[in-house]
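J.: If you read the protein sequences in the order shown, they are chains P and S. Reminder that position 244 of the first sequence reads as 244 in the UniProt record's numbering, one-by-one numbering, no gaps. Reminder that position 34 of the second sequence reads as 34 in the UniProt record's numbering, one-by-one numbering, no gaps. All residues carry an ideal CB built from backbone N, CA and C; glycine is no exception.
Protein chains: 2
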Amino acid sequence: MKVLHTVKEVVDWRNTNVDRKTQTSGFVPTMGCLHEGHMSLIRESKKENDFTIASIFVNPSQFAPTEDLDKYPRTLQNDLNLLESSGVDMCFVPGADEMYPQGIPLRVEEQRGPFVTVLGVSEQLEGRTRPNFFRGVATVVTKLLNVVLPTHAYFGQKDYQQYTVLQMMAKELFMNTELKMMPIVRDSGGLALSSRNRYLCEDSREISKNIYRGLKAAVSKLHKQDGAKMERSVLLDTVQEIWAPFVASGDFSVDYLSIADASTLQELDQVPNSINVVISCAVYVKDRANGSTVVRLIDNILA
Amino acid sequence: MKVLHTVKEVVDWRNTNVDRKTQTSGFVPTMGCLHEGHMSLIRESKKENDFTIASIFVNPSQFAPTEDLDKYPRTLQNDLNLLESSGVDMCFVPGADEMYPQGIPLRVEEQRGPFVTVLGVSEQLEGRTRPNFFRGVATVVTKLLNVVLPTHAYFGQKDYQQYTVLQMMAKELFMNTELKMMPIVRDSGGLALSSRNRYLCEDSREISKNIYRGLKAAVSKLHKQDGAKMERSVLLDTVQEIWAPFVASGDFSVDYLSIADASTLQELDQVPNSINVVISCAVYVKDRANGSTVVRLIDNILA
């Protein structure tokens, strides 16, 4: 596996190796700290394309000054080993200066250079607590797609809003890459895999499985009902009934619980039981082993 | 010359006709109403590339609700004739719905979808009176470059700030197109060619030549001085001395007169006499034949 660090090296590599007229290339952008969720994207790309390319870049512009950029877990050598043994052809590992030639201060007011925003799907849910998060994501993915110029790029459903933002961006900016979303990978108890799970002790990870249990209960209620639509409040109650003990015990603090149209991410008052509904949430989980550790976990189900 | 109206047609056309590995393609995006300025870009592209592609699209997102979108001159058949007789291979003439699938209301608060902003060089000069102008330009050029995927794209120096914005965008988003800037084309009296000149009577066009005369006087003063730097005020006075009679007569109303670093577009207090200085302006010219017609003209010199 080739490991490249500069834009120029990657452009040269693809110009030399990939003939875009006759060959496909799949791209999996990551922030490293790889787990089975990432590897499922790599495997899908390998299956569908002539070349598979990954990137590892912890993107500063999607972190707010108050967030965990410095503490974000970095396990580069292990990640590269995993990618290599999965048959990845090339991995791009740029530094921040390479991706942001004018530098990238975390304070938005000090930033210079081009940024991509996707209006209408970036402001709600994750965007409410993290107002510049999707601007950071859209910008870095634009840069990476331009550098790698893959025919396909793979994203996990766990970050469903991210996929929605990027899909709208790629389609409406007419980017030359088709985006694909792959299902959430969960542990045996249903907890969605996340690089941040490692911050939780076993007890708290066990408790965190109830996040998914709650969402699943709502979806099964929705699918069981007879009428064409269901009251939003019925579904919210169904989730919250399962979460209530953990909220009461101080394990969970709910940031949001959303029942929205899966395309527009607009909240639904009346929920159709057929298709195109996404039930999603973000929950702060307090670690039982170390009460000062609070991890924000997200999850969702496409109903 | 092929005339195409949809993104899909253009992508198919380039996939069929242009082999990006071995052939170059030059792209000249325009808003139509073509004049010698545009044609100089076409000729340069013809000279340098295997294929030359143009586009004609009056981009709504760069107009404010108060501006002249509806009145912007449209001369499509004449434009297509000019392009065809210049040997252009393909011209892309999309509708607004094609470029903005979710629609493009002029009120920014109502807009949805992806937009590109270039922080640091968009806010001053043209951006001061037109706060979303460069966001509109950067967004539409991103879309067009992704659709056409040319190896080169050509822009006129008349819109120097636009070129600066687009150049920063293309470089730092790592777009796969090299941008080139071509000199301003002027009429015999020095007036920079512009689609909007046609709104002025002969008298007022004659008077408008003093815009360039003023800028030229400043540049020649700058080049004649001995020291390493010159006071900004000396240069401003030089321009304004030439403009003063026309301001007094009500022909000119100066929007801005700028002496800035040509890369950052930051205003200079002390002006180096060597390189990388741009003297630029926007002047409202009142038409002598029809006093209710006021045309905003821009011009600049790279000193």
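1. Is S:Thr16 helix, strand or coil by DSSP?
2. Could you work out which residue in S:His35, S:Gln62, S:Ser122 and S:Thr30 is closest to S:Pro94 when comparing CA atoms only?
3. Determine the chain P residues that contact S:Gln111 at a beta-carbon separation under 7 Å, and present them in chain order.
4. How about residue 309 of chain S and S:Val28: are their beta carbons less than 8 Å apart?
5. Select from the segment 16-41 of chain S all residues with a C-beta closer than 8 Å to any C-beta belonging to chain P, and list them in chain order.
6. Could you please give the first and the last residue of the uninterrupted beta strand (DSSP E) stretch that includes P:Pro114?
7. Which partner residues does P:Cys281 have in the DSSP bridge list?
8. For S:Pro114, count the other beta carbons within 10 Å of its own beta carbon; 16 or more makes it buried, fewer makes it exposed. Which is it?
9. Which residue wins for smallest C-alpha separation from P:Lys71, given the options P:Val295, P:Ile301, P:Ala170 and P:Asn210?
10. Measure the Cβ-Cβ separation of S:Val58 and S:Val148 and say whether it is below 8 Å.
11. What does P:Gln270 pair with, by DSSP beta-bridge criteria?
12. Less than 8 Å between CB atoms is the rule here; does P:Met181 satisfy it with respect to chain S?
13. Do three or more CB pairs link the segment 78-96 of chain S to the segment 156-163 of chain S at distances below 8 Å?
14. Looking at S:Val219: is its Cβ nearer than 8 Å to the Cβ of S:Val254?
15. For S:Val185 and S:Tyr163, what's the separation of their Cα atoms in angstroms?
16. Are S:Val116 and S:Thr142 close, meaning C-beta to C-beta below 8 Å?
17. Kindly indicate which residue of P:Asp299, P:Pro60, P:Asn81 and P:Gly32 has the alpha-carbon position closest to the one of P:Lys2.
18. I'd like to check one pair, P:Ala262 with P:Asn273: are the Cβ atoms closer than 8 Å?
19. Could you give the residue range of the beta strand (DSSP E) that holds P:Leu104?
20. Hey, is the segment 96-111 of chain P in contact with the segment 233-243 of chain P, meaning 3+ C-beta pairs nearer than 8 Å?
21. Find the residues of chain P that neighbour S:Thr142, judging by a C-beta separation of less than 7 Å, and give them in chain order.
22. Buried or exposed: where does S:Asn290 fall if 16 or more other Cβ atoms within 10 Å of its Cβ makes it buried?
23. Are the C-beta of residue 310 of chain P and some C-beta of chain S separated by less than 8 Å?
24. State buried or exposed for P:Arg107, treating a residue as buried only when at least 16 other CB atoms are found within 10 Å of its CB.
25. If the cut is a Cβ gap below 7 Å, which residues of chain S does P:Asn176 touch?
26. Distance, Cα to Cα, P:Asn197 vs P:Pro60?
27. Nearest by alpha-carbon distance to P:Leu119: which of P:Leu69, P:Thr151, P:Leu144 and P:Thr264 is it?
28. Under 8 Å between the Cβ atoms of P:Pro150 and P:Ser55?
29. Evaluate P:Thr129 with the Cβ neighbour count: other Cβ atoms within 10 Å of its Cβ, from every protein chain shown; 16 or more gives buried, anything less gives exposed.
30. Which of helix, strand or coil does DSSP assign to P:Gly136?
31. Which runs of the beta strand (DSSP E) fall wholly inside the segment 43-95 of chain P and span at least 3 residues, in chain order?
32. On a Cα-Cα basis, can you pick out the residue from P:Ala303, P:Val165, P:Glu172 and P:Phe134 that is closest to S:Leu145?
33. Is S:Phe115 close to chain P? Criterion is C-beta to C-beta, closer than 8 Å.
34. Between the alpha carbons of S:Ser45 and S:His152, how many angstroms are there, rounded?
35. For a test of the three-state rule: what should DSSP assign to S:Leu125, helix, strand or coil?
36. Give a yes or no on whether the minimum CB-CB distance between P:Ala153 and chain S is below 8 Å.
T.: In short, the structure shows the following:
1. Counting from one through the second sequence, the residue named residue 16 of chain S turns up at place 16. In this structure, S:Thr16 counts as helix in the three-state DSSP scheme.
2. Translated into positions along the second sequence, residue 94 of chain S becomes position 94. Of the candidates S:His35, S:Gln62, S:Ser122 and S:Thr30, the one whose C-alpha sits nearest the C-alpha of S:Pro94 is S:Thr30.
3. Translated into the one-based positions of the second sequence, residue 111 of chain S becomes position 111. Under the 7 Å cutoff, chain P gives Leu119.
4. Residue 309 of chain S is absent from the model: chain S starts at 1 and stops at 303.
5. Asp19, Arg20 and Lys21
6. For this step, residue 114 of chain P is matched to residue 114 along the first sequence. Start and end: Gly113 to Leu119.
7. As a first step, residue 281 of chain P must be located in the first sequence, where it is residue number 281. Its beta-bridge partners are P:Leu257 and P:Asp299.
8. Your numbering for residue 114 of chain S matches position 114 in the second sequence. Buried, by the Cβ-count rule.
9. Your numbering for residue 71 of chain P matches position 71 in the first sequence. For P:Lys71, the nearest C-alpha among the options comes from P:Val295.
10. The count along the second sequence starts at 1 and reaches residue 58 of chain S at position 58. The count along the second sequence starts at 1 and reaches residue 148 of chain S at position 148. For S:Val58 and S:Val148, no; Cβs fall outside 8 Å.
11. Position 270 of the first sequence holds residue 270 of chain P. Its beta-bridge partners are P:Glu231.
12. Within the first sequence, numbered from 1, the residue matching residue 181 of chain P stands at position 181. For P:Met181, the answer is no, since every Cβ of chain S falls outside 8 Å of its Cβ.
13. no
14. For this step, residue 219 of chain S is matched to residue 219 along the second sequence. For this step, residue 254 of chain S is matched to residue 254 along the second sequence. No, the Cβ-Cβ distance between S:Val219 and S:Val254 is not below 8 Å.
15. Locating residue 185 of chain S in the second sequence gives position 185, where the first residue counts as 1. Locating residue 163 of chain S in the second sequence gives position 163, where the first residue counts as 1. Answer to the nearest angstrom: the Cα atoms are 16 Å apart.
16. Here residue 116 of chain S refers to the residue found at position 116 of the second sequence. Here residue 142 of chain S refers to the residue found at position 142 of the second sequence. In this structure, S:Thr142 lies closer than 8 Å to S:Val116 by Cβ.
17. Within the first sequence, numbered from 1, the residue matching residue 2 of chain P stands at position 2. Of the candidates P:Asp299, P:Pro60, P:Asn81 and P:Gly32, the one whose C-alpha sits nearest the C-alpha of P:Lys2 is P:Asn81.
18. For the purposes of this step, residue 273 of chain P is identified with residue 273 of the first sequence, where counting begins at 1. For the purposes of this step, residue 262 of chain P is identified with residue 262 of the first sequence, where counting begins at 1. For P:Asn273 and P:Ala262, no; Cβs fall outside 8 Å.
19. In the first sequence, the residue the question calls residue 104 of chain P occupies position 104. Note that residue 104 of chain P is Ile in the sequence shown, not Leu. Here P:Ile104 belongs to no beta strand (DSSP E), and DSSP marks it neither H nor E.
20. no
21. As a working note, residue 142 of chain S is residue 142 in the second sequence. Going along chain P in sequence order, the residues near S:Thr142 (Cβ under 7 Å) are Leu173.
22. Position 290 of the second sequence, counted from the start, is the residue given in the question as residue 290 of chain S. The residue is exposed, with fewer than 16 neighbouring Cβ atoms inside 10 Å.
23. Since the first and last residues shown for chain P are 1 and 303, residue 310 of chain P lies out of range.
24. Taking the first sequence and counting its residues from 1, one reaches residue 107 of chain P at position 107. Classification for P:Arg107: exposed.
25. In the first sequence, residue 176 of chain P corresponds to position 176, counting from 1. Going along chain S in sequence order, the residues near P:Asn176 (Cβ under 7 Å) are Asn146 and Leu149.
26. Here residue 197 of chain P is taken as the residue at index 197 of the first sequence, counted from 1. Here residue 60 of chain P is taken as the residue at index 60 of the first sequence, counted from 1. Approximately 21 Å, taken between the alpha carbons.
27. Sequence index remark: in the first sequence, residue 119 of chain P carries index 119 (1-based). Selected option, being the one with the closest Cα: P:Thr264.
28. Reading the first sequence from its first residue, position 150 is the one you call residue 150 of chain P. Reading the first sequence from its first residue, position 55 is the one you call residue 55 of chain P. Going by C-beta atoms, P:Pro150 is not nearer than 8 Å to P:Ser55.
29. One-based indexing of the first sequence puts residue 129 of chain P at position 129. P:Thr129 is exposed by the Cβ-count criterion.
30. Along the first sequence, read from residue 1 onward, the residue named residue 136 of chain P stands at position 136. In the structure shown, P:Gly136 sits in a helix (DSSP, three-state: H, G or I).
31. 51-56 and 90-92
32. The count along the second sequence starts at 1 and reaches residue 145 of chain S at position 145. The option with the nearest alpha carbon to S:Leu145 is P:Glu172.
33. Within the second sequence, the letter at position 115 stands for residue 115 of chain S. Yes, contact with chain P.
34. Locating residue 45 of chain S in the second sequence gives position 45, counting from the first residue. Locating residue 152 of chain S in the second sequence gives position 152, counting from the first residue. Between S:Ser45 and S:His152, the C-alpha separation is close to 8 Å.
35. As a working mapping, residue 125 of chain S is identified with position 125 in the second sequence. Here S:Leu125 sits in coil by DSSP.
36. Sequence index remark: in the first sequence, residue 153 of chain P carries index 153 (1-based). Output row for P:Ala153: interface = no.
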